[in-house]
Amino acid sequence: MATRTCPDCNRPMMGIRLIDKAYSPAHTSLDYTAADAERGMWFGRYPVEGQIEGLMCDECGRVLLYAKPKEQ
Ligand SMILES: [Zn+2]
Numbered sequence: 001m002a003t004r005t006c007p008d009c010n011r012p013m014m015g016i017r018l019i020d021k022a023y024s025p026a027h028t029s030l031d032y033t034a035a036d037a038e039r040g041m042w043f044g045r046y047p048v049e050g051q052i053e054g055l056m057c058d059e060c061g062r063v064l065l066y067a068k069p070k071e072q
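Sequential numbering of the sequence shown, starting at 1, is according to my numbering.
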């Protein structure tokens with residue numbers, strides 16, 4: 001991902017990982033699915049469209065989120 005700068009501070013932002021609240025070692029990165037997605041018939045899971053990547057400004061703490069579509 002190209003370096004992005006904080007819209008408020010104009011400083012380079014650092015990548016952060018968003019993790020779920022499952023107990024270790026079950027931690028996984030945050031996924032996303034379509035708003036109208038329905039749970040799968042067999043496993044009751046939503047189809048994963050991709051992952052959420054985060055960037056944080058270490059000056060003001062602003063966090064930006066970007067969707068990273070899953071490679072097909
Ligand atoms: Zn900032």
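Note that the Cβ used here is the ideal one computed from N, Cα and C, for glycine as well. Model, not experiment: these values are computed from the prediction.
Next on the checklist: Considering only heavy atoms of ligand 1, does any lie closer than 6 Å to the CB of D8?
Outcome noted: For the purposes of this step, residue 8 is identified with residue 8 of the sequence shown, where counting begins at 1. In this structure, D8 has its beta carbon less than 6 Å from a heavy atom of ligand 1.
Checklist entry - Cβ atoms of R4 and M13: under 7 Å apart, would you say? => result Counting from 1 along the sequence shown, the entry for residue 13 is found at position 13. Counting from 1 along the sequence shown, the entry for residue 4 is found at position 4. Closer than 7 Å, so yes.
Checklist entry - Cα separation between Q72 and P7? => result For the purposes of this step, residue 72 is taken as residue 72 along the sequence shown, with counting starting at 1. For the purposes of this step, residue 7 is taken as residue 7 along the sequence shown, with counting starting at 1. Distance between the alpha carbons of Q72 and P7 is about 32 Å.
Item to check | Backbone CA spacing between W42 and V48 [nearest angstrom] | outcome: The residue you call residue 42 lines up with position 42 of the sequence shown. The residue you call residue 48 lines up with position 48 of the sequence shown. Using only the alpha carbons, I get a separation of about 15 Å.
Item to check | Per-residue DSSP class, three states only, for K21 | outcome: Residue mapping note: residue 21 aligns to position 21 of the sequence shown, counting from 1. Coil, per DSSP.
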